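Visitor:
Residue numbers (the working numbering): 3 to 206.
1. Among 143, 50 and 97, whose alpha-carbon lies nearest the alpha-carbon of residue 60?
2. Within the same chain, show all residues whose beta-carbon is closer than 8 Å to that of residue 188, passing over the 5 residues directly before and after it, in chain order.
3. Note down the Cα distance separating residue 17 from residue 134, rounded to an integer number of angstroms.
4. Given this structure, state the Cα-to-Cα distance separating residue 111 from residue 149, to the nearest angstrom.
5. Helix, strand or coil: which one does DSSP assign to residue 186?
6. Let me confirm a value: residue 190 is counted as buried when at least 16 other C-beta atoms fall within 10 Å, else exposed. Which label applies?
7. From the DSSP secondary-structure annotation, give me the bridge partner or partners of residue 27.
8. Have a look at 178, 58, 180 and 11 and flag the residue whose alpha-carbon is nearest the alpha-carbon of residue 81.
9. By alpha-carbon positions, which one of 70, 54, 71 and 69 ends up nearest to residue 63?
10. Look at residue 159 and residue 200 and say whether their C-beta atoms are less than 9 Å apart.
Here's what the structure looks like:
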């Protein structure tokens with residue numbers, strides 16, 4: 003089993019302990035791992051606790067983990083319940099994720115694709131996906147969707163999505179083909195893709 007899979011098993015136990023009320027010593031958490039059948043050094047558990055406290059990229063967020071230096075015990079101010087669901091993916095969910103990762107490659111020339119790839123990597127790395135199946139995520143020739151080349155204005159997609167979410171009225175410059183563009187105030191409702199072109203649907 004790859005080291006990251008072993009780490010996830012330890013993280014799962016550590017987070018379940020710290021999600022309880024009270025504080026817990028590193029020794030207690032180490033013994034809990036040993037009692038769960040995980041052979042791990044005490045120093046490794048100490049480092050796991052430090053990593054979970056300091057490195058917010060492991061699960062993409064802060065888990066509120068702190069250490070009371072006076073009593074040398076660990077506690078959490080609030081581990082999100084949904085974090086436990088993200089640790090364990092079902093086979094069908096892994097297959098769906100693989101299909102999504104491969105089909106999203108059609109937008110690989112879009113400026114935002116780099117951020118999407120990084121976000122997906124965090125999800126994959128912090129999940130229970132086996133080493134063998136992770137290799138499928140890395141293969142480039144597994145599935146080749148139609149490529150969507152970037153078009154003018156594509157850099158505004160995220161701003162438009164934020165405007166739709168916030169129900170904000172925006173001002174856009176628009177004109178039919180051959181006509182001089184004019185400024186319009188629009189309440190955006192939906193971004194729609196059709197034949198490699200993006201259209202904004204809204205209320206004027």
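All C-beta atoms in this analysis are idealised placements derived from N, C-alpha and C, irrespective of residue type, glycine included. Bear in mind the structure is a predicted one, so any value in this text is a computation, not a measurement.
Guide: According to the structure data:
1. Nearest option by C-alpha distance: 50.
2. Within the same chain, residue 188 has close Cβ partners 171, 172, 173, 174, 202, 204, 205 and 206.
3. In a straight line, the C-alpha of residue 17 is about 26 Å away from that of residue 134.
4. Take the alpha-carbon of residue 111 and the one of residue 149: they are about 8 Å apart.
5. Reduced to three states, the DSSP call for residue 186 is strand.
6. It is buried - the Cβ of residue 190 has at least 16 other Cβ atoms within 10 Å.
7. Its beta-bridge partners are 75.
8. Out of 178, 58, 180 and 11, the CA that lies nearest to the CA of residue 81 is found in 58.
9. Closest by alpha carbon: 54.
10. A contact, by the Cβ cut-off of 9 Å.
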